[in-house]
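Student: Input: one structure, supplied below.
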Amino acid sequence: MNRTLIAAATMSVLALLAASAHADPIPLDPINLTVFRVTGVRYELTGRDLNGTALNGKVLDGHGVVGVSFDGVQRNGATMQSVWLDESTFRGVTQSGKEVHGQKFVGAVFTATLDDGDSLELRVDAMERGTQKWDKDVMRYTVSYETQNGRAPLCGVDASNEPIKAIALDGRWDLRQGVAGGGSHIDDAWAFTFACEEYAIAKCVNMGYKPWQQAKICTKGQGCTHTTLADLHQACTRMLRADYCGDGVSHTVDGTEISAFDVFGIRTDSDSWLPEAEWGPDGARCLVRDRIPSAEAPSCLDSLHQDSCGSPSHLSGTSLLISEIAP
147 MNRTLIAAAT
157 MSVLALLAAS
167 AHADPIPLDP
177 INLTVFRVTG
187 VRYELTGRDL
197 NGTALNGKVL
207 DGHGVVGVSF
217 DGVQRNGATM
227 QSVWLDESTF
237 RGVTQSGKEV
247 HGQKFVGAVF
257 TATLDDGDSL
267 ELRVDAMERG
277 TQKWDKDVMR
287 YTVSYETQNG
297 RAPLCGVDAS
307 NEPIKAIALD
317 GRWDLRQGVA
327 GGGSHIDDAW
337 AFTFACEEYA
347 IAKCVNMGYK
357 PWQQAKICTK
367 GQGCTHTTLA
377 DLHQACTRML
387 RADYCGDGVS
397 HTVDGTEISA
407 FDVFGIRTDS
417 DSWLPEAEWG
427 PDGARCLVRD
437 RIPSAEAPSC
447 LDSLHQDSCG
457 SPSHLSGTSL
467 LISEIAP
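Start counting at 1 in the sequence shown, then tack on 146, and there's your number in our numbering.
Right under this line is the structure:
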């Protein structure tokens, strides 16, 4: 893993936009160079990833958690005055005005809303910060809920029967499928998501696409705009699930191996694989081949197909990621 100061290494691309079914290309002067920079230190990651069909885990007879409230959080038997996320770490203020954070939230109880409208109390049983250079700002939580047979881990257990951890992320996701907006991130100041590590939302954080990460986009003659990696993270969730149409419907099978690289140079192109698609937060910007060819082609397939799709020169403010599949 190479540690590279952004001042010494950035990824520059011509501001050429790929054609898309989701938005018309925005014409830009091709002589202007646009540079995408992650603020601070960038860790270049390489490697392949296993995709999956689900955004997040299920609890209680297959019901999903649509959001967890920042309101009414119980800690040491008392209700917190306010709670929020600092990156992926909880911070809060007690009724006496004392600010607490980090490990002080072990034992805290949050209220989640399920997709059938019922509520569910979730307890933080443990938390640990990442130990790698690239993920020291990622806090992972062991979360459980009460059942008739005792407490159960929110995210299930792994092959060693250990609870699967979750990453807390601001906002929530639209879990609907086959509708406009399905699979989208919803900015909700009052709610957050416990993203289970075996699923797409958390996988994209572990791929290096932390939605809170600061970044900026600088165009010659036009100055710089400040942003975060939130759109890149959302594009990643579409990519991992092969949600080509941006409607929440997955067109892949669990465990399919893919490779990906991005406009900020966080993940680099390390494989001589075949380009599949270019991705933005609303789904595929274009498509050159299906990940899993099947009789049930995505409804948007014809409008997305483009022979030149997947060229690194297409990486831009709209095509944030390029996915590749094995030859």
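Here a beta-carbon is modelled for each residue, glycine too, at the ideal position from N, C-alpha and C. Since this is a predicted model, take the numbers as computed values, not measurements.
Quick check on residue 408: buried or exposed, where buried means 16 or more other Cβ atoms within 10 Å of its Cβ?
Tutor: Buried.
Student: Looking only at C-alpha atoms, which of 401, 411, 446, 412 sits nearest to residue 423?
Tutor: The shortest C-alpha separation from residue 423 is found at 446.
Student: How would you write the range of the alpha helix (DSSP H) that residue 347 sits in, first residue to last?
Tutor: Its alpha helix (DSSP H) spans residues 346-352.
Student: Alpha carbon to alpha carbon, how far is residue 239 from residue 414?
Tutor: The alpha-carbon atoms of residue 239 and residue 414 are separated by roughly 41 Å.
Student: Would you please state the rounded distance, in angstroms, between the beta carbons of residue 397 and residue 347? I believe it to be under 8 Å.
Tutor: At roughly 18 Å, the Cβ-Cβ gap does not stay under 8 Å, so residue 397 and residue 347 are not in contact.
Student: To which residues does DSSP link residue 266 through a beta bridge?
Tutor: According to DSSP, residue 266 bridges with 258.
Student: Within its chain, find whatever has a CB closer than 6 Å to the CB of residue 209; leave out the 5 residues flanking it on each side and keep chain order.
Tutor: For residue 209, where only same-chain residues beyond five positions count, the Cβ hits under 6 Å are 260, 261, 262.
Student: Among residues of its own chain, excluding the 5 on either side of residue 322, which ones have a beta-carbon nearer than 7 Å to its beta-carbon?
Tutor: Once the five neighbours on either side are set aside, the close Cβ partners of residue 322 are 328, 394.
Student: Compute the Euclidean distance between the alpha carbons of residue 454 and residue 204, then round it to the nearest angstrom.
Tutor: If you take the alpha carbons of residue 454 and residue 204, they lie about 39 Å apart.
Student: Beta-carbon within less than 6 Å of residue 370's beta-carbon, same chain only, minus the 5 sequence neighbours each way: which residues are those?
Tutor: So the qualifying residues of the chain are 362, 364.
Student: Spatial neighbours of residue 292 within its chain, please: CB distance less than 6 Å, with the 5 preceding and 5 following residues excluded, ordered by chain position.
Tutor: The answer is none, since no qualifying residue turns up.
Student: Measure the alpha-carbon distance for residue 311 versus residue 269 and round it to whole angstroms.
Tutor: Roughly 13 Å between the two C-alpha positions.
Student: Could you tell me the alpha carbon to alpha carbon distance between residue 163 and residue 384, rounded to whole angstroms?
Tutor: Residue placement at residue 163 is flagged as unreliable, the pLDDT there being 26, under the threshold of 50; a coordinate-derived value is accordingly withheld.
Student: Looking at the strands, I want to know which residues DSSP matches up with residue 309.
Tutor: Looking at the DSSP assignment, residue 309 forms a beta bridge with 303.
Student: On a Cα-Cα basis, can you pick out the residue from 450, 356, 242, 230 that is closest to residue 284?
Tutor: Out of 450, 356, 242, 230, 356 has the C-alpha closest to the C-alpha of residue 284.
Student: Could you check which residue in 233, 352, 449, 460 has the C-alpha nearest to that of residue 278?
Tutor: Comparing Cα positions, the closest option is 352.
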